[in-house]
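Step one of this worksheet: look at the structure below.
Residue numbers (this note's numbering): 6 to 366.
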């Protein structure tokens with residue numbers, strides 16, 4: 006970026022996500038490192054979703070899908086996933102391959118040079134020199150910011166995508182959830198008042214945090230946070246909503262909101278971050294959905310879930326027309342293809358649609 010240069014990590018780390026955004030972009034203004042959902046705005050979302058719609062509408066167009074595989078065929082992607090993942094890892098792997106990228110993976114840091122004492126940041130600098138895109142998922146949420154800063158400081162062309170950083174953020178999961186809601190609720194219409202319920206363990210859910218940030222771009226959407234007091238949404242998110250004049254409610258009661266909400270974002274208890282007794286788990290059952298509860302919801306409402314699930318979302322609900330979480334998995338691959346295209350400067354929706362039309366069988 007032009008203007009003031011930042012030379013120290015301490016200076017960069019003291020900035021807010023919004024203040025960091027210009028340093029995470031290419032000179033042309035495209036996202037170079039996608040770390041925070043706060044980097045997104047309505048215009049970027051509309052561009053990425055429009056790209057996604059072109060791709061989703063062309064998956065049976067063999068000529069177009071072959072064309073997609075040529076766009077980034079000289080580029081490489083490293084999936085640096087040192088925290089467990091199935092959906093995000095596979096989705097990014099397939100998305101990268103759909104664009105023709107060469108894909109490598111690192112899933113166990115102990116098998117790398119870190120076993121010999123190398124710092125993790127040096128490992129990532131090495132990968133930045135060798136590859137064109139790194140998708141990261143790890144417990145230390147500051148690490149992805151550190152490598153983004155090093156890429157900025159060294160003027161490296163490498164792109165970075167946050168594939169889930171500890172309990173803090175999971176921006177591409179929020180992106181696919183929003184894309185799913187966009188497809189069914191017309192969230193871009195400023196005159197359409199909507200209510201989105203967040204249900205379950207909100208305190209430790211990085212997906213809930215990220216989606217709440219994104220939904221805050223649309224002031225006509227009201228957030229309903231439904232959780233036990235000890236698992237309610239964190240103050241920093243609530244402060245962010247207050248600062249942006251976004252309506253929200255905090256409640257511990259699900260039943261009274263069922264007939265009124267347009268979507269429910271259900272989440273599991275995040276056991277991987279702390280121990281939870283069996284007694285407490287039983288108390289949390291009132292935050293579980295059931296077919297009986299689902300039937301009280303609006304006919305045109307949606308249920309989404311970041312997955313994996315447990316008993317908070319019974320399998321019987323899967324076949325209800327309001328259940329959109331499995332469809333969201335598929336849409337996740339599509340929107341990650343669109344995101345990668347956008348980040349590498351291929352964000353011209355009109356040109357992509359014209360190519361799809363040209364290559365129709």
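We treat Cβ as the ideally placed atom computed from N, Cα and C, and that holds for glycine.
Every beta strand (DSSP E) stretch that sits fully inside the stretch 202 to 282 and reaches 3 residues is listed by chain position as 226 to 231, 253 to 256 and 268 to 271. Per the C-alpha coordinates, the member of 327, 300, 128 and 223 positioned closest to residue 194 is 223. Between the alpha carbons of residue 253 and residue 229 lies a gap of roughly 6 Å. Excluding sequence positions up to five before and after residue 309, its CB lies within less than 8 Å of the CB of 182, 185, 186, 268, 269, 270, 271, 329, 330 and 333, all in the same chain and listed in chain order. If you look at residue 340, you'll find it in the alpha helix (DSSP H) that goes 330 to 348. Annotated three-state conformation of residue 68 is helix, per DSSP. Residue 48 and residue 55 have their alpha carbons spaced roughly 11 Å apart.
Beta-bridge analysis with DSSP links residue 144 to no other residue. In the structure shown, residue 41 falls within a coil segment according to DSSP collapsed to helix, strand and coil. In the three-state DSSP reduction, residue 11 falls in the coil class, being neither helix nor strand. Between residue 168 and residue 93, the C-beta gap is smaller than 9 Å, which places the two residues in contact. For the pair residue 365 and residue 154, the Cα-to-Cα distance works out to about 43 Å. Closest in C-alpha terms to residue 107, from the list 131, 86 and 80, comes 80.
For residue 86, the three-state secondary structure derived from DSSP is strand.
Cβ contact annotation for residue 251 (same chain, cutoff 7 Å, sequence separation greater than five): 221, 224 and 228, in chain order. Distance from the CA of residue 162 to the CA of residue 348, rounded to the nearest whole angstrom, comes to 11 Å. Taking a C-beta distance under 9 Å as the contact criterion, residue 215 and residue 178 qualify as a contact pair. Here residue 357 has 59 as same chain residues with Cβ atoms under 6 Å from its own Cβ, once five neighbours each way along the sequence are excluded.
Contact between residue 296 and residue 321 holds: CB atoms are separated by about 5 Å, below the 8 Å threshold.
Pairing residue 109 with residue 89 gives a Cβ-Cβ distance that is not under 9 Å.
Rounded to the nearest angstrom, the gap between the Cα atoms of residue 113 and residue 362 is 43 Å. In the three-state scheme derived from DSSP, where H, G and I count as helix and E and B as strand, residue 359 is classed as helix. Beta-bridge annotation (DSSP): residue 81 is paired with 107. Around residue 265, the same chain offers 200 as residues with beta carbons nearer than 7 Å, after the five sequence neighbours per side are excluded. Rounded to the nearest angstrom, the gap between the Cα atoms of residue 144 and residue 70 is 35 Å. Counting C-beta atoms within 10 angstroms of its own C-beta, residue 124 has fewer than 16 neighbours from the protein chains shown and is therefore classed as exposed. Between the alpha carbons of residue 126 and residue 26 lies a gap of roughly 21 Å.
Residue 346 sits away from residue 130, with the two beta carbons spaced by 9 Å or more. Put simply, the backbone Cα of residue 196 is about 10 Å away from that of residue 226. Secondary structure at residue 152: helix, using DSSP grouped into helix, strand and coil. For residue 186, the secondary structure class from DSSP, reduced to helix, strand or coil, is helix. Remark: C-beta atoms of residue 340 and residue 176 do not approach each other more closely than 9 Å. 34 is the residue among 299, 234, 34 and 324 whose C-alpha sits nearest the C-alpha of residue 351. The continuous alpha helix (DSSP H) containing residue 49 extends over residues 47 to 61.
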